[in-house]
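Trainee: All residue numbers for the sequence shown refer to the working numbering, where the first residue is 4 and numbers rise by one. The beta-carbon is built from N, C-alpha and C at its ideal position, and this holds for glycine as well. These numbers come from a predicted model, not from an experiment.
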Amino acid sequence: MINLIPEEEKIILEEERGSKIKNLFLIFIFFCLLSIFLCSLTFYFYYLGEKEGKEIELKTLQQEIGYLEKSSLTKERTRVEKEIDIFEKNLKNKKAFYSDILKPISLLIPQNIYFKELTISLPKTYSKKETTSRKEGLSARINGYAANRTVLLELKENLSKAPWINNFYFPPSNWINDRDIDFYLTFDIP
């Protein structure tokens, strides 16, 4: 085939062809960018919906956990109150069952506290200038181990708040160490 087109028109045709290729390339790039944008937008809305769904699920679970904690704490509190009531009734009736004494004490012990020795003694006799008077109730002495001062402070607060404990003594020497504390304390049970 013989090309009979003049040289000027060939140049014009080449320029038009080049501009068409350039326009097609720009249109291709535009559609690629548009598809990337639309895919990103789709993923964004998908993950936004997932995030909102997970937040709602999290709030629901937190509410359920809060309800379960409240109900279990309420049950535990009523159980502890019943144990303490039984203990106080036995003390008022002058019955000293050691198992009834140990239960309320064990309910006041926080984690990371271990008793090495628990001594509960019967009423002591005091003599003052030839007069002997009998002390009522029981005396208790506890030797133990605490992992740190925080749990030891919690034990001290729990025991000092107990209404059935009198003459609570917690010596300052218990606070010397920060960790691995060997402690002792004494109290009376009227």
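Note down, in chain order, each residue of its chain lying with its Cβ closer than 6 Å to the Cβ of GLU12, except the 5 sequence neighbours on either side.
Mentor: For this step, residue 12 is matched to residue 9 along the sequence shown. Closer than 6 Å at the Cβ level, and outside the excluded window around GLU12, lies no residue.
Trainee: Taking the CB atoms as reference points, tell me whether ILE184 and LEU155 lie closer together than 7 Å.
Mentor: The residue you call residue 184 lines up with position 181 of the sequence shown. The residue you call residue 155 lines up with position 152 of the sequence shown. Taking 7 Å as the Cβ cut-off, ILE184 and LEU155 qualify as a contacting pair.
Trainee: Taking C-alpha atoms, which residue in ILE104, ASN177, ALA150 lies nearest to LEU141?
Mentor: On the sequence shown, position 138 is the one that residue 141 refers to. Just measuring C-alpha positions, the residue of ILE104, ASN177, ALA150 sitting nearest LEU141 is ILE104.
Trainee: How do the segment 116 to 123 and the segment 168 to 176 stand: do at least 3 beta-carbon pairs fall below 8 Å, yes or no?
Mentor: no
Trainee: Measuring only the C-alpha atoms, how far is LEU16 from LEU7?
Mentor: Counting from one through the sequence shown, the residue named residue 16 turns up at place 13. Counting from one through the sequence shown, the residue named residue 7 turns up at place 4. One C-alpha to the other measures close to 13 Å.
Trainee: Can you tell me which of the three DSSP states TYR47 falls into?
Mentor: Here residue 47 corresponds to residue number 44 of the sequence shown, with the count starting at 1. Helix, per DSSP.
Trainee: Relative to the C-alpha of ALA150, which candidate in ASP181, LEU111, ASN161 has its C-alpha closest?
Mentor: Translated into positions along the sequence shown, residue 150 becomes position 147. Answer by Cα proximity: ASP181.
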